[in-house]
Each structure stands twice: as C-alpha cells, then as structure tokens.
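Everything on this sheet refers to the single structure shown next.
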C-alpha cells in the first residue's frame, strides 16, 4: 500500500494495523496453544526417555531431575545379539515392499474399475468397497489358516502379498476418485492415436495420478511401519522382527516394564517416518490441493 | 502316523494350489525331511512369553544347545504375555503350534484338553523334578507339560513401613488381622498417595485361596462349574468395603490409573501375590529406599493356609511337531544342563529340577523366595485340578464385575448375580 502524504499514512497506521496486529497476535497465540497441546505427547516422550525408569512412573513433572542416556545406549544394543540396524532394515523391507505393492496394484485396479466398461464391473467395485467395511480381526484366523496351509508363515509374504493384490480397497477407492477428475478426452485422444490400454495407463494416466501415488505411498509406509498385529501373528523368528516387535519387547506384564527403553526406542523408530514424511509432504500437500480442486 | 493326527489332517485340508505349493516347498528340502546334519539341519521352533531380558539369556542358552547338538537349529520367538496368547490361540486354530513353547497353568486344559499337546511320557526325562511338581502337568491322565519353575501365593510387604508402624504379622494371622495391619500402616504413614495395602478382592486367585482355607475350591473337581455360592461371593466382595470408605486402601479411581503395581509405585505397603514376582519388584522398591519381605498370606484357619505349589510356567511340545525327540531334547537341555541353568538363572523362577536348584546362582531376593517356600512347605496342599479352559475369561470377568461394584454401578449382590451368569455362560461355551 502506498500513501500520498506522510500524515495520511500515519493515521492509517495508527488505527487499522493496531486492530490487525491484535487480531494477528490473538490468532498466533491460539495457534501456539493448539500446537503446544498437539506436541505435548512428543515432548513428554522425549523427556521420559531421559528419565530413570522409576522416575517415569513416580515423578509426574515434565522435566527430568537427573538426565540419563542409558536408555538410548541400551536401545543401540539391539536385542538378543541381533543388532539394532537389523530391525530397522526389516521394517524398511516390509514398508518398502508394501509401498511398491500398493502403488503397482491399486492404480491398475482403479484403472480397470474406474475407466473400463465390462460386465460385472459394478458388482466387482461393490465387492472391493465392501471389503473396506470388514474388520480385520474377523479375517485374522481364516487368513492365518490360508498362509499356514501354504507354508508361508514366518515370512514377509503374508504381510505384503495383500498389497500386491490390491487388497487395500481404501487406496483403490482413492485412485478411482482421483481418476474421475482426469478428463476422459485425454485417454480418448491417446486411443485415437493408436494406444492400447497399457499405453494409455502408463503414458497418460499414471503420470497424472502422481499426487494420488504420493499420498498412498506415504500412508502405506506409515501404516506398515507401525503395524504390530501382522508381524506378531506371522513372524516367529527374532531375526525377522520389525521395529514394533522390538518396541514391545520392553513391556513386561509379569514384572516392571522398561518404560525408558520403550520411550527411547519409540523416538528412534519415529525418525525414519518423520524423514519419509518430510521428503514427501510437499507432494502430499500438492496432492490434496489438486484433488480438492478437481474433486 | 497315528501319533500326529493333526499333521495328517492338515495335509488334506487344502487341495489344489495350496498342496501344490506346500509340496513344492518340501520337495526342495528332500523328500525324507531334513537329515539332521550341519548341512541339512532339523529346524525347531521355540517360543515363550517375556521381555527383552528373557530373550537375551534364552537366546544364549539356545545358542549353546545348537553348539552341543550339531544338526539342530532353533528359531526363537517371544512376545509379552497377552500378545503371546493372542498368537498362540490363532495358531492353535491353524494347528500350527511351535515345536516347544511356554505354557501357563491356566491355559493347560485349553490346549492339552483337545489334543494340541504331545504326551511327554518317555520323551522327556522326568526323573529329576522336585517332588509333587510334575503332578500339575497331567491332563486326562497324560503328562503333557513339565514345570519350569514354581510359585505360590504370599504376602509381599514393605518391611520398613510395617516396622515403622510397629506392625508384625504372626504366622497364622487372619484376614481381619491383615486388614487391621493395613489400617495401622496407613495411619502411621499419614501421607497422601501412600497406603498400607490395596484392595485384594478383585483377584480370583485370592478368593480361591480363601475358599481353600475353608476346605472349598473355586471350580468343581471336573472343572465344569463354580464350587461356591453367591452368598460367599458377596461376603468376599464386601470384605474391604470399610477399608476403602476410610481411605485405608486406595480407591478404584486411583488404582485404575496406575500403569504399574502399587509396590513399584511406592504407593502400597503390601500386596498378596505370587512369590516369584518379588524379584521383579525388589529393585524398584530398593530404588525408592524401601525393603521388601515375604510372609504367608492371611488365613481363615491357622492350620490350613490353602497354599499349593503351582508351576509358574511349563514347557510343552505342540502335537503338530515333526521332531518330537529333538523337541524333548531341547526341554531336557534347558531344565537339566548345568551350563544352560547357569545362563538362564532365576529369570523364569527358581528351577523345578534338583540339578537346576544345585546349579543356579540365587541372588538375595530369590533366596528370600526360596526361604519363604521352605517355611510354608508344611502347609503346601495338593494342587487343584487344572482350571477349565474358560478360566482366563472368568478371571477377567471377575475383576471387571468387581470393578463395577467398586464404582458403585452395581451392589455386591447384583455383581454376584452378574458374575454367576457370565461365568456359567463361559464355562458352558468352553465344554
């Protein structure tokens, strides 16, 4: 804003910006308060990881009276002779395969169900969506039986095979919705130029689906990184444990849980997820923005 | 093949693709199965519940086993108690249990009662167990489990707090004496957030103890019904009413927020509990500047404390195992090999074998537990038959309903009605 005279500008400054500034201050204060509430658990975990084990449960104050690094030291020792990096690696393998599986299978399934016309399409779409409503616990024992008969337990196959078979109906649904925002004229133009389904899918739709791909990658990564039940049921060998199994080994129903070790390990296991999120979040925001505009 | 009925059934369950894939996999290791040599080892699985400390030493002992038994490799797996049972019940449905795993006495009938466990007579060396201990491993007349360690109930208390209040618990003291003692300790402490003891009426094990002291039992002999009436339950649940009202014991609103036991939190002066848990509590209590002691629990009858030596955990072999002899070998090794015993220590409790007791290094707290068990030896009666399969759920229900009584959502009488209905349903559904 430019003003013609100095006095005129001063008047404007004294009235409007003052209320503006108050508004802005109030807004920021509220946001900082909300942020403090949201971040409190994280701060608590950091503080607890630096406290002695008895202090964590008896001393309710946030800041530790005496700071100890022993929990981090013991976390770096790994478990029963298996080094810590091995658990990170196992988690990476499971999460990485899950991401690849979801991106590869869900987009293709969505193309078939969202773009193609064939008999039984509506029914199939209905079944895919219906699996969303089925609680995972219901399928726990039947699924276990299948993998057990196939002798695939104690491997990563049961944990990731569903991802490669587009069993994550949520993402199929996400891709279909996203695809609806992409004009059909684009694939029709390609078809006229002689492209088949594979060409249309890989050269036209997949590049345009990028925001949806990024979104599903982030969610899949975080979900399989944090998954505990699957590895608990299917993995019998400590060498194959991902991080959540290591985390749980600190809890002890018979005696005293090693809370400090658990907090330290929690922080360490958060780092890759946060990094993954930071790298991809720019895409995530863009993904939501574009899908929002088009949806 | 009769010995492994489940394995035979498994092979026929899924035809087509499943069987083909399974065949393809077994074919890769040769048709006769593993030879048990270093190049083609027999693979055993061994699983237990516990935490990282237990995993550490168990893995060391298992490594030693592998070293001494060339041609056998052991994969190990563990989880915390509740999660462990979640996987085991899932895998029981798949008849896909580990070769060797850790069993809890309260689950023995659930697994052993329907043929999920391999009979161990003649497989495992049973000559060295401490007398009477093996009795708890029988289901329908067959030995399906061997004890790893034992425990019995006791009163763990803060010796420093009781001494300061001038309270002593003479052997043969009654439940009323114990309540009076808690009152005196709480009054003497006169501090917010510290009590002489807690409300013990929510634990079915303690009511079982109380019933046994009067010659009764919790379940009938055949395990199909409760062996007490509603009036007895109301009497048991009303026992601590005054104490809670007077603030002698912490109220339910307080204890339901605790993440750890009252002794560890420096909040409770005494707790009835399993004596082998004391070594877990002792370091935390010591850090708070206290000392722990162990006494016999209160009794209705000074001559009958109702105690029995219960296996704190057992080892069993899954009926679906393909290597019964090697599995038995692993169990023998863990329970009777002096080197293994030295490695495992008292982590699972004081060993149940003579050679185990001779070779284990017992620290001060575990020695206290041993001394205590020796002191109540004359009172140890024969154990009740293995509890019914539903006991886990009944135990949980018992605590839940009592909690509702404490929150005054139910009167003790209504609570007893609710519990009886629930327990009868649970018992009927598990038959």
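Protein chains in written order, with the numbering used here: chain A, 1 to 295; chain B, 1001 to 1431. Even for Gly, the Cβ is constructed at its ideal location relative to N, Cα and C. Computed from a predicted structure; not experimentally measured.
(1) For the alpha helix (DSSP H) that residue 1245 (chain B) lies in, which residues bound it at each end?
(2) Spell out a yes or no on whether the stretch 1295-1313 of chain B and the stretch 1068-1088 of chain B are touching, meaning 3 or more CB-CB pairs, one atom from each, closer than 8 Å.
(3) Name the chain B residues whose beta carbon is nearer than 8 Å to that of residue 236 (chain A)?
(4) Please report whether the beta-carbon of residue 1081 (chain B) lies at a distance below 8 Å from any beta-carbon of chain A.
(5) When you compare each of A:185, A:181, A:102 to residue 223 (chain A) by their alpha carbons, which one comes out closest?
(6) State the Cα-Cα distance for the pair residue 65 (chain A) and residue 258 (chain A), rounded to the nearest angstrom.
(7) Measuring only the C-alpha atoms, how far is residue 161 (chain A) from residue 242 (chain A)?
(8) Do residue 1143 (chain B) and residue 1318 (chain B) have their CB atoms nearer than 8 Å?
(9) Can you tell me whether residue 192 (chain A) is buried or exposed, with buried defined as 16 or more other CB within 10 angstroms of its CB?
(10) I think residue 1349 (chain B) touches residue 1115 (chain B), with their Cβ atoms under 8 Å apart; what is that distance to the nearest whole Å?
(11) Kindly confirm or deny that the stretch 68-80 of chain A and the stretch 128-145 of chain A touch, where touching means at least three C-beta pairs closer than 8 Å.
(12) Given this structure, state the Cα-to-Cα distance separating residue 198 (chain A) from residue 112 (chain A), to the nearest angstrom.
(13) So who's on the other strand from residue 1304 (chain B), going by DSSP bridges?
(14) For residue 1337 (chain B), tell me which candidate among B:1173, B:1360, B:1324 has the shortest Cα-Cα distance.
(15) Taking Cβ positions only, does residue 177 (chain A) come closer than 8 Å to chain B?
(16) Between the Cα of residue 1225 (chain B) and the Cα atoms of B:1180, B:1050, B:1394, which residue gives the shortest distance?
(17) Between which residues of its own chain and residue 1295 (chain B) is the CB-CB distance below 6 Å, once the five residues before and five after are set aside?
(18) Give me the Cα-Cα distance between residue 1342 (chain B) and residue 1068 (chain B), rounded to the nearest whole angstrom.
(19) Starting from residue 140 (chain A), find everything on chain B with Cβ-Cβ shorter than 7 Å and list it in chain order.
(20) Is any beta-carbon of chain B found at less than 8 Å from that of residue 148 (chain A)?
(21) My output table needs one value for residue 1076 (chain B): the three-state DSSP class, helix, strand or coil.
(22) Locate the beta strand (DSSP E) running through residue 200 (chain A), then write down its first and last residues.
(23) Which one of B:1246, B:1137, B:1384, B:1191 has the shortest CA to CA distance from residue 1199 (chain B)?
(24) How far does the alpha helix (DSSP H) with residue 1322 (chain B) in it reach, from first residue to last?
(25) Could you check how far apart the C-beta atoms of residue 1369 (chain B) and residue 1227 (chain B) are, in whole angstroms? I think they sit under 8 Å.
(26) Exposed or buried, which one is residue 1020 (chain B) when buried takes at least 16 other CB atoms within 10 Å?
(27) Please determine, among A:279, A:234, A:262, the residue with the shortest C-alpha to C-alpha distance to residue 246 (chain A).
(28) If I'm right that residue 1328 (chain B) touches residue 1120 (chain B) with Cβ under 8 Å, what's the distance once you round it to whole angstroms?
(29) From the beta carbon of residue 1364 (chain B), is the nearest beta carbon of chain A less than 8 Å away?
(30) Which full runs of the alpha helix (DSSP H) of 4+ residues lie inside the stretch 71-137 of chain A, going along the chain?
(31) So, is the C-beta of residue 1275 (chain B) closer than 8 Å to a C-beta in chain A?
(32) Give me whichever residues DSSP pairs with residue 268 (chain A) in a beta bridge.
(33) For my contact list, residue 1090 (chain B) and residue 250 (chain A) are in at a C-beta cut-off of 8 Å; report their separation, rounded to the angstrom.
(34) Could you check how far apart the C-beta atoms of residue 1264 (chain B) and residue 1186 (chain B) are, in whole angstroms? I think they sit under 8 Å.
(35) Considering Cα atoms alone, identify which of B:1171, B:1182, B:1274, B:1266 is closest to residue 1299 (chain B).
(36) Taking only three categories from DSSP, how would you classify residue 1042 (chain B)?
Looking at the atomic coordinates:
(1) Counting along the chain, the alpha helix (DSSP H) containing residue 1245 (chain B) begins and ends at 1241-1245.
(2) The stretch 1068-1088 of chain B and the stretch 1295-1313 of chain B do not touch, with fewer than three beta-carbon pairs separated by less than 8 Å.
(3) Listed along the chain, the chain B residues whose CB falls inside 8 Å of the CB of residue 236 (chain A) are 1045, 1047, 1075, 1077, 1098.
(4) Output row for residue 1081 (chain B): interface = yes.
(5) Sorting A:185, A:181, A:102 by C-alpha distance to the C-alpha of residue 223 (chain A) places A:102 at the top.
(6) Distance between the alpha carbons of residue 65 (chain A) and residue 258 (chain A): 19 Å.
(7) Within the model, the alpha-carbon separation for residue 161 (chain A) versus residue 242 (chain A) is close to 17 Å.
(8) Result no, Cβ atoms of residue 1143 (chain B) and residue 1318 (chain B) do not sit closer than 8 Å.
(9) Counting every other CB atom within 10 Å of its CB across the protein chains shown gives residue 192 (chain A) a total below 16, marking it as exposed.
(10) Actually they do not touch by this definition, with Cβ atoms about 28 Å apart.
(11) The way I'd put it, the stretch 68-80 of chain A doesn't touch the stretch 128-145 of chain A; fewer than three beta-carbon pairs between them come closer than 8 Å.
(12) Roughly 11 Å separates the two Cα atoms.
(13) According to DSSP, residue 1304 (chain B) bridges with B:1301.
(14) Relative to the Cα of residue 1337 (chain B), the nearest Cα in the group B:1173, B:1360, B:1324 belongs to B:1360.
(15) Interface flag for residue 177 (chain A) against chain B is unset, since no Cβ pair is found closer than 8 Å.
(16) Ranking B:1180, B:1050, B:1394 by CA distance to the CA of residue 1225 (chain B) puts B:1394 first.
(17) Annotation for residue 1295 (chain B): 1155, 1169 place their beta carbon closer than 6 Å to its own, counting only its chain and skipping 5 residues before and after.
(18) One C-alpha to the other measures close to 16 Å.
(19) Result: 1090.
(20) At least one chain B Cβ lies under 8 Å of residue 148 (chain A).
(21) It is a strand residue.
(22) Note, residue 200 (chain A): premise wrong, no beta strand (DSSP E); not H, not E.
(23) If we check each option's Cα against that of residue 1199 (chain B), B:1246 comes out closest.
(24) From DSSP, residue 1322 (chain B) is part of no alpha helix (DSSP H); its letter is neither H nor E.
(25) Going by Cβ atoms, the distance from residue 1369 (chain B) to residue 1227 (chain B) rounds to 30 Å, so no, they are not a contact pair.
(26) Unreliable placement is indicated for residue 1020 (chain B), whose pLDDT of 41 sits below 50; the coordinate value is still reported in the next sentence. By the 10 Å Cβ count, residue 1020 (chain B) comes out exposed.
(27) The shortest Cα separation from residue 246 (chain A) among A:279, A:234, A:262 belongs to A:262.
(28) Contact flag correct, Cβ pair sits at about 7 Å.
(29) Using a Cβ-Cβ cut-off of 8 Å, residue 1364 (chain B) does not count as an interface residue toward chain A, since no Cβ of chain A sits closer than that to its own.
(30) Correct list: 84-115, 121-130.
(31) It does not: the Cβ of residue 1275 (chain B) has no partner Cβ on chain A nearer than 8 Å.
(32) DSSP output for residue 268 (chain A) lists no bridge partner at all.
(33) The pair is not a contact, with the Cβ atoms about 23 Å apart (cut-off 8 Å).
(34) That pair is no contact at about 18 Å.
(35) Selected option, being the one with the closest Cα: B:1171.
(36) Three-state result, residue 1042 (chain B): strand.
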